[in-house]
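Visitor: Letter by letter, the sequence shown follows residues 14 to 297 in my numbering.
Built from N, CA and C at the ideal position, the CB exists for glycine as well.
Next up is a structure, given as structure tokens.
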Amino acid sequence: MNIIKKISVLQKLALGFKQKRKTIGFVPTMGFLHEGHLSLIRKARKENDIVIVSIFVNPVQFGPNEDFKIYPRNIKKDISLSRPLCDILFMPSREQMYPKEFSTFARVKGLSDHLCGCSRKNHFTGVATVVCKLFNIVLPDNVYFGQKDFQQAVIIARMIKDLNFALHLKVLPIVREKDGLAMSSRNVFLSRQERKDAVVLFQALKSAQRLVANNVKDSAKIIKMLQDFISHKESARVDYIKIVDKTTLESIKRVGKEALLALAVYVGNVRLIDNVVLKAKNEK
Ligand code: AMP
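As structure tokens, this is what we get:
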């Protein structure tokens, strides 16, 4: 595995791979790798000649009161986890990615304002901008994202179409801990008690699926029940619970054939997100 820190070096290598008709699979991450990230990297390994993983904690996608400074980092462990699976680990510095005069941003209108966009104002502009830059540096044929960040995947899909990136987007299922908690780099911030309480997110999603299976389709009713359920945990505070259309991310009043149930919940000071697709029977 080759560790590269300079944009120009990686771009040149990527162009070389293209000339040799080698396919490039790309997995962008913020590091502190876990099984969720590794599931994407393994899939990329299976489907491409060359696998490139990036680790970059992107300052532009964090708000002023968010956890950029304390975001978990463990480069040594990340290198040892990715070494057997990838060809190139790209770890650019902040200065490489955002030189002083940097002034161009990619904003995906509409989609960025729903769900997490309500409480994290410029977050998705930061995400779209860094992903756009990374696509231009890595020149991938296939890119791998997790359904864990469902809204992010929808926004990137829109950007790929709108800006005519010639690549395929693959969105892979959420990898969970044994008790159902979605794997996340931020889980490390949870105290022992908070870690136990955090399973409430998954339990809430599961209970919503049961409600829908039992023909409860009214979004407000489902959301109210989940809110009550989550508020029983002392350490949990709901940021949002929403039932939305999977493609527009706009709220829907009634669960039709398929809908996305997405939530963000603070457990202690840690903001966790999770989601599930609700499927109603006998619906078109
Ligand atoms: P991050 O490092 O958190 O920015 O995540 C990098 C990529 O890994 C994103 O596409 C995430 O959606 C994906 N990812 C993070 N957690 C999980 C998970 N538990 N299961 C599947 N994919 C995940």
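Can you pull the DSSP bridge partners for E296?
Guide: Taking the sequence shown and counting its residues from 1, the one referred to as residue 296 is at position 283. Partner(s): none; E296 has no beta bridge.
Visitor: Could you check what DSSP says for K31 in three-state terms: helix, strand or coil?
Guide: The residue you call residue 31 lines up with position 18 of the sequence shown. Three-state DSSP puts K31 in a helix.
Visitor: So does K161 have its beta carbon nearer than 8 Å to some heavy atom of the ligand AMP?
Guide: Residue numbering aside, residue 161 sits at position 148 when the sequence shown is read from its first letter. The answer is yes for K161.
Visitor: Would N71 be called buried (16 or more neighbouring beta carbons within 10 Å of its own) or exposed?
Guide: Numbered from 1 along the sequence shown, position 58 holds the residue referred to as residue 71. That one is buried.
Visitor: I believe V268 touches S232 by the beta-carbon criterion, under 8 Å. Please report the beta-carbon distance rounded to the nearest angstrom.
Guide: Numbered from 1 along the sequence shown, position 255 holds the residue referred to as residue 268. Numbered from 1 along the sequence shown, position 219 holds the residue referred to as residue 232. The pair is a contact, with the Cβ atoms about 7 Å apart (cut-off 8 Å).
Visitor: Of the choices I68, V66, I83, whose alpha-carbon is the least far from that of V283?
Guide: Working through the sequence shown from its first residue, we reach residue 283 at position 270. Minimum Cα distance to V283 is reached at I83.
Visitor: Assess, as a yes-or-no matter, whether the region 218–234 is touched by the region 93–103 under the definition of 3 or more beta carbon pairs within less than 8 Å.
Guide: Too few Cβ pairs lie closer than 8 Å, so no.
Visitor: How would you call D62, buried or exposed, if buried means at least 16 neighbouring beta carbons within 10 angstroms?
Guide: In the sequence shown, the residue the question calls residue 62 occupies position 49. Per the 10 Å Cβ criterion, exposed.
Visitor: Indicate the three-state DSSP secondary structure (helix, strand or coil) for L180 in the structure shown.
Guide: Taking the sequence shown and counting its residues from 1, the one referred to as residue 180 is at position 167. Reduced to three states, the DSSP call for L180 is coil.
Visitor: Can S197 be considered in contact with the ligand AMP, in the sense that its beta carbon sits closer than 8 Å to one or more heavy atoms?
Guide: By 1-based counting over the sequence shown, the position of residue 197 is 184. Yes, the ligand AMP has a heavy atom inside 8 Å of this Cβ.
Visitor: Going by C-alpha to C-alpha distance, which of I254, E79, Q24, T138 sits closest to A275?
Guide: Counting from one through the sequence shown, the residue named residue 275 turns up at place 262. Taking only the C-alpha atoms, the option nearest A275 is I254.
Visitor: Any heavy atom of the ligand AMP within a distance shorter than 8 Å of the CB on M110?
Guide: Walking along the sequence shown from the start, residue 110 turns up at place 97. No.
Visitor: Does the Cβ-Cβ distance between S52 and L218 come in under 9 Å?
Guide: Position 39 of the sequence shown, counting from 1, holds the residue named residue 52. Position 205 of the sequence shown, counting from 1, holds the residue named residue 218. Contact flag unset, no.
Visitor: Could you tell me whether any non-hydrogen atom of the ligand AMP is closer than 8 Å to the CB of Q24?
Guide: In the sequence shown, the residue the question calls residue 24 occupies position 11. Q24: no, Cβ never under 8 Å from the ligand AMP.
Visitor: To the nearest angstrom, how far is the alpha carbon of E207 from that of F178?
Guide: In the sequence shown, the residue the question calls residue 207 occupies position 194. In the sequence shown, the residue the question calls residue 178 occupies position 165. In a straight line, the C-alpha of E207 is about 41 Å away from that of F178.
Visitor: Starting from the C-beta of D258, find all residues in its chain whose C-beta is less than 6 Å away, skip the five residues before and the five after it, and write them out in chain order.
Guide: Your numbering for residue 258 matches position 245 in the sequence shown. The answer, listed in chain order, is I265.
Visitor: Mapping the DSSP letters down to three states, classify N200 as helix, strand or coil.
Guide: Counting from 1 along the sequence shown, the entry for residue 200 is found at position 187. In the structure shown, N200 sits in a helix (DSSP, three-state: H, G or I).
Visitor: Below 8 Å, is the gap between the Cβ of L182 and the nearest heavy atom of the ligand AMP?
Guide: Position 169 of the sequence shown, counting from 1, holds the residue named residue 182. No, Cβ of L182 sits at least 8 Å from all heavy atoms of the ligand AMP.
Visitor: Determine the closest residue to L28 out of N149, D210, N135, with distance taken between C-alpha atoms.
Guide: Position 15 of the sequence shown, counted from the first residue, corresponds to residue 28. Of N149, D210, N135, the residue nearest in Cα terms is N149.
Visitor: What residues in its chain sit with their C-beta under 8 Å from that of R107, if we drop five residues either side in the sequence?
Guide: Working through the sequence shown from its first residue, we reach residue 107 at position 94. Only P72 meet the Cβ criterion.
Visitor: Express the C-alpha separation of G193 and N87 in angstroms, rounding to a whole number.
Guide: Working through the sequence shown from its first residue, we reach residue 87 at position 74. Working through the sequence shown from its first residue, we reach residue 193 at position 180. So the two alpha carbons sit approximately 24 Å from each other.
Visitor: When you compare the CB positions of Y279 and D252, do they come within less than 9 Å of one another, or not?
Guide: Counting from one through the sequence shown, the residue named residue 279 turns up at place 266. Counting from one through the sequence shown, the residue named residue 252 turns up at place 239. Their beta carbons are under 9 Å apart, which means Y279 touches D252 by this criterion.
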